[in-house]
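J.: Here our numbering runs 90 ahead of the position in the sequence shown, where the first position is 1. Submitted below is the structure of interest, expressed as structure tokens.
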Amino acid sequence: MISVTLVAPDRNVFVMETSGTQTPLSLAAARAIRTYAATTRSVIGSAEASVISYAGLWLLLASLATASETETEDVLGLKRADARAAALALLDEPHPTIAAAVAGWLRPGVQLNKSLPVVLDRLPDQAGLDAWAADNTRGLIEQFPMEIDEDTLLVLASALVVSPRWSEPLEQDEDGLLLLESGFQAVVDTEAAGPVAVACPPSEDGISVYSVIAAEDVTAADVWRACDEVVARIDAGEVRDQTFAADDEDGHAWQVREVTAYGNPSDRWRSHLPEWRAEDLHDLAAAPGVAEIARGVMAAISGDTEAACVQKAVAAYDREGFEAAAVTGMMIRAAGAAPREATVRQIDLRFDRPHAVVAVARGGAWEGIPLFSSWVTPA
Numbered sequence: 091m092i093s094v095t096l097v098a099p100d101r102n103v104f105v106m107e108t109s110g111t112q113t114p115l116s117l118a119a120a121r122a123i124r125t126y127a128a129t130t131r132s133v134i135g136s137a138e139a140s141v142i143s144y145a146g147l148w149l150l151l152a153s154l155a156t157a158s159e160t161e162t163e164d165v166l167g168l169k170r171a172d173a174r175a176a177a178l179a180l181l182d183e184p185h186p187t188i189a190a191a192v193a194g195w196l197r198p199g200v201q202l203n204k205s206l207p208v209v210l211d212r213l214p215d216q217a218g219l220d221a222w223a224a225d226n227t228r229g230l231i232e233q234f235p236m237e238i239d240e241d242t243l244l245v246l247a248s249a250l251v252v253s254p255r256w257s258e259p260l261e262q263d264e265d266g267l268l269l270l271e272s273g274f275q276a277v278v279d280t281e282a283a284g285p286v287a288v289a290c291p292p293s294e295d296g297i298s299v300y301s302v303i304a305a306e307d308v309t310a311a312d313v314w315r316a317c318d319e320v321v322a323r324i325d326a327g328e329v330r331d332q333t334f335a336a337d338d339e340d341g342h343a344w345q346v347r348e349v350t351a352y353g354n355p356s357d358r359w360r361s362h363l364p365e366w367r368a369e370d371l372h373d374l375a376a377a378p379g380v381a382e383i384a385r386g387v388m389a390a391i392s393g394d395t396e397a398a399c400v401q402k403a404v405a406a407y408d409r410e411g412f413e414a415a416a417v418t419g420m421m422i423r424a425a426g427a428a429p430r431e432a433t434v435r436q437i438d439l440r441f442d443r444p445h446a447v448v449a450v451a452r453g454g455a456w457e458g459i460p461l462f463s464s465w466v467t468p469a
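As structure tokens, this is what we get:
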């Protein structure tokens, strides 16, 4: 068993027991996924993506890593064998809130000239792939993010879903925002973005969902760097709940005022958070590791082929909790097939100002893995 300590605003300490232990391999995987997320965000320019799961993409690529004809340490953070072993360990590790799956399908009649490191079932029709997506995302994603046709030879996919609930539902403030009066709240001075405000509702489900907001003139890329910095410092014990590190009492996203309190008063912290929902579709062909893994997979099929990699992700943040899901698909097609057009549905989110949201796993082999990232933008 591993214990995750949650510190409430009144300094009471709660300890949550989760199954599993973190091994050197899972620690290496967590570091690799954190680095992969930051690198991929920069490479594909996804700092303002409404929702994306770098962990979902890494899980698919790592599961296929031994198919790569070159080492993967530079792109996945682990060598081929270690990356695949880490992915399998995560898939096999139970977690109270995370569900993950990897699958593959081959068109009948297509012969492989080498084995691939994933069990391949018979390629179903589109409805069959849609059913797989729905079944493995608890119904949050009802359609597979890629459409198959007669040129589709092989499809590989990962699914990742989380659905932590807050320990108690959040109330609303007078402006209709969610009101957080417990959990983790702090103002932290960062190297990347200066002082930022941080809020994380309490949950017993092994997922920490941090909202991080910086000054209006800070770029999204720097907000994410600050977010990574804050989470790392929280994990290292360098930043505690109700930390106030700012030069001025009032700041870009906080105000300080005196209120009447009775008994043994301490500072009263309140965060005003938006309720939001997001959906996004990402072309991940240029993401680190995709080309290398795809080449290795394509080498198993005779003839000219081409690859595509797409992810559909959804997320929602409300008074009850947070839920997010992603399905990442890699498709190998006969070369020369017409490219598939995709329509991305833009959802305007209702927020005070742009801020970053990241869901980080807590407990067992998943400890410290950033599962989903959301850039929350004004409607």
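For glycine and all other residues, C-beta sits at the position ideal for the given N, C-alpha and C.
With contact counted as at least three CB pairs below 8 Å, one residue from each stretch, are the region 186–195 and the region 247–263 in contact?
T.: With a cut-off of 8 Å, the region 247–263 and the region 186–195 count as touching, because enough Cβ pairs lie within range.
J.: Would Ala398 be called buried (16 or more neighbouring beta carbons within 10 Å of its own) or exposed?
T.: On the sequence shown, residue 398 is found 308 positions in, with the first residue counted as 1. Result: buried.
J.: Relative to the C-alpha of Gln332, which candidate in Asp357, Val286 and Ala221 has its C-alpha closest?
T.: Here residue 332 is taken as the residue at index 242 of the sequence shown, counted from 1. Ranking Asp357, Val286 and Ala221 by Cα distance to Gln332 puts Asp357 first.
J.: Which first and last residues belong to the alpha helix (DSSP H) in which Ile123 is found?
T.: Taking the first residue of the sequence shown as 1, we reach residue 123 at position 33. Its alpha helix (DSSP H) spans residues Pro114 to Ile134.
J.: Buried or exposed for Gly379, going by 16 or more other Cβ atoms inside 10 Å?
T.: Within the sequence shown, the letter at position 289 stands for residue 379. With 16 or more Cβ atoms within 10 Å of its Cβ, Gly379 is classed as buried.
J.: Give me the DSSP bridge partner(s) of Pro460.
T.: To locate residue 460, count along the sequence shown from 1; it is residue 370. Its beta-bridge partners are Val450.
J.: Do His445 and Ile303 come within 9 Å of each other at the CB atom, strictly closer than that value?
T.: Here residue 303 corresponds to residue number 213 of the sequence shown, with the count starting at 1. Here residue 445 corresponds to residue number 355 of the sequence shown, with the count starting at 1. In this structure, His445 lies closer than 9 Å to Ile303 by Cβ.
J.: Taking only the alpha-carbon atoms, compute the straight-line gap between Gly146 and Val417 and give it to the nearest angstrom.
T.: Position 56 of the sequence shown, counting from 1, holds the residue named residue 146. Position 327 of the sequence shown, counting from 1, holds the residue named residue 417. So the two alpha carbons sit approximately 7 Å from each other.
J.: Pick helix, strand or coil for Met236, following the three-state DSSP scheme.
T.: Residue numbering aside, residue 236 sits at position 146 when the sequence shown is read from its first letter. In the structure shown, Met236 sits in coil (DSSP, three-state: anything other than H, G, I, E or B).
J.: Short of 7 Å in beta carbon distance, which residues of its chain neighbour Ala53, apart from the five on each side in sequence? Order them along the chain.
T.: The requested residue 53 is not part of the displayed model; the chain covers only 91 to 469.
J.: I need the DSSP call for Glu271, collapsed to helix, strand or coil.
T.: Locating residue 271 in the sequence shown gives position 181, where the first residue counts as 1. Reduced to three states, the DSSP call for Glu271 is coil.
J.: If you compare alpha carbons, which of Glu306, Gly266 and Leu267 is closest to Ala283?
T.: The residue given as residue 283 occupies position 193 in the sequence shown. Among Glu306, Gly266 and Leu267, the Cα nearest to that of Ala283 belongs to Glu306.
J.: Do you know offhand how far Met388's Cα is from Asp325's?
T.: As a first step, residue 388 is located in the sequence shown; it is residue number 298 there, counting from the start. As a first step, residue 325 is located in the sequence shown; it is residue number 235 there, counting from the start. Between Met388 and Asp325, the C-alpha separation is close to 40 Å.
J.: When the Cβ atoms of the region 268–275 are set against those of the region 360–367, are three or more pairs found closer than 8 Å?
T.: Yes, they touch.
J.: For Ala384, which residues of its own chain have a beta-carbon under 6 Å away from its beta-carbon, when the five flanking residues on both sides are left out?
T.: Along the sequence shown, one-based indexing puts residue 384 at 294. Ala397, listed in sequence order.
J.: Assign Asn203 to buried or exposed, taking buried as 16 or more other Cβ atoms, counted over all protein chains shown, within 10 Å of its Cβ.
T.: Counting from 1 along the sequence shown, the entry for residue 203 is found at position 113. When all chains shown are included, Asn203 counts as exposed.
J.: Can you grab the Cα-Cα spacing for the pair Arg121 / Asp318, in whole Å?
T.: In the sequence shown, the residue the question calls residue 121 occupies position 31. In the sequence shown, the residue the question calls residue 318 occupies position 228. Cα-Cα distance, rounded: 12 Å.
J.: If you check the beta carbons only, do Ala449 and Val404 fall under 9 Å apart?
T.: The residue labelled residue 449 in the question sits at position 359 within the sequence shown. The residue labelled residue 404 in the question sits at position 314 within the sequence shown. Cβ distance not < 9 Å, so Ala449 and Val404 don't count as in contact.
J.: Does the distance from the CB of His372 to the CB of Ile142 come in under 9 Å?
T.: Residue 372 sits at position 282 when you count from the first residue of the sequence shown. Residue 142 sits at position 52 when you count from the first residue of the sequence shown. In contact: His372 and Ile142 (Cβ atoms closer than 9 Å).
J.: Whose C-beta lies closer than 7 Å to the C-beta of Glu159 among residues of the same chain, with five residues either side of it excluded?
T.: Residue mapping note: residue 159 aligns to position 69 of the sequence shown, counting from 1. Excluding residues within five positions, the ones whose Cβ falls inside 7 Å are Arg385, Gly386 and Ala389.
J.: Any idea what DSSP makes of Gly386, helix, strand or coil?
T.: On the sequence shown, position 296 is the one that residue 386 refers to. In this structure, Gly386 counts as helix in the three-state DSSP scheme.
J.: Identify which residue in Pro460, Arg315, Val466 and Gly454 has its Cα closest to the Cα of Ser471.
T.: The chain is shown only over 91 to 469; residue 471 falls outside these bounds and no answer can be derived.
J.: With a threshold of 16 other CB atoms inside 10 Å of the CB of Arg440, please say whether the residue is buried or exposed.
T.: Translated into positions along the sequence shown, residue 440 becomes position 350. With a pLDDT of 36 at Arg440, under the threshold of 50, the predicted position of this residue should be treated as unreliable, though the coordinate-derived value follows. Exposed, since its Cβ has fewer than 16 Cβ neighbours within 10 Å.
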